[in-house]
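Under full-length UniProt numbering, think of the first position of the sequence shown as 1, with each following residue one higher.
A virtual CB, placed ideally from N, CA and C, is assigned to each residue, including glycine.
Here's the structure we're looking at; comments come further down.
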Amino acid sequence: LSLMLLVVIIGALVAIVVVTISRVQTHNSVLKLVRQYQGTLRIVDGSLLDFDAKMLDTKSTKFTERAAQIEQRIDALFDYSGLGSIYEGSTVTGFRFIVEVPALEVQFNIKTKVDVDLNVLDLLTIIRDSVRGKGFADATVDLASLTLEDQRLPTSDSPPNSPASTRKG
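Next comes the structure, spelled out in structure tokens:
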């Protein structure tokens with residue numbers, strides 16, 4: 001009887017260990033480490049220059065629609081640049097209209113794979129070259145206004161919770 005009880009206890013412990021390991025593996029496959037860059041660019045001409053004050057509200061339809069248009073263009077730049085394999089996606093985080101220029105300043109985040117050793121200045125040069133070569137569809141970007149800052153710490157890539165997020169899949 002005690003031998004049977006010992007076998008049942010060992011079997012239960014093995015089952016618990018197997019379930020725990022499978023859950024950890026599932027969690028690790030969902031958690032994808034990415035490096036995030038914050039950037040800005042100014043649109044100085046074209047259809048994307050049109051500004052509506054509702055675009056200042058990140059929850060508005062105007063913001064979501066314009067953000068999606070710009071994110072698609074950023075995605076296309078990375079495809080054109082040859083960096084598509086390390087690119088994980090972009091998110092427009094805000095807009096500001098600069099009356100004096102006039103220009104639409106776009107604040108955005110770019111995510112890349114974390115295991116790639118890429119200098120932020122090299123990345124900025126590649127993006128500028130892509131804008132020169134491919135363009136920004138029906139909009140003109142002031143290349144001198146393009147900024148990019150490496151956030152240094154890898155962040156986990158969580159599922160997007162707004163339509164203004166894009167991820168390559």
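{"Item": "Best match in Leu33, Arg96, Arg66 and Val116 for proximity to Ser47 [C-alpha to C-alpha]", "Value": "Arg66"}
{"Item": "Bounding residues of the alpha helix (DSSP H) (the contiguous stretch that carries Val99)", "Value": "Per DSSP, Val99 belongs to no alpha helix (DSSP H) and is neither H nor E."}
{"Item": "Arg35 beta carbon less than 9 Å from that of Val101", "Value": "no"}
{"Item": "Nearest neighbour of Ile127, chosen from Val114, Ala144 and Lys113 [CA to CA]", "Value": "Ala144"}
{"Item": "Identity of the residue in Gln72, Phe95 and Ile21 nearest Ala53 by Cα", "Value": "Phe95"}
{"Item": "Close beta carbons around Ile98, own chain, < 8 Å, minus the five adjacent residues each side", "Value": "Arg42, Leu104 and Glu105"}
{"Item": "DSSP state of Leu143 mapped onto helix, strand, coil", "Value": "strand"}
{"Item": "Cβ-Cβ separation, Leu146 to Tyr37 (assumed contact under 8 Å), whole Å", "Value": "12 Å between Cβ atoms; not a contact."}
{"Item": "Continuous alpha helix (DSSP H) stretch holding Asp122: start and end", "Value": "Val120 to Lys134"}
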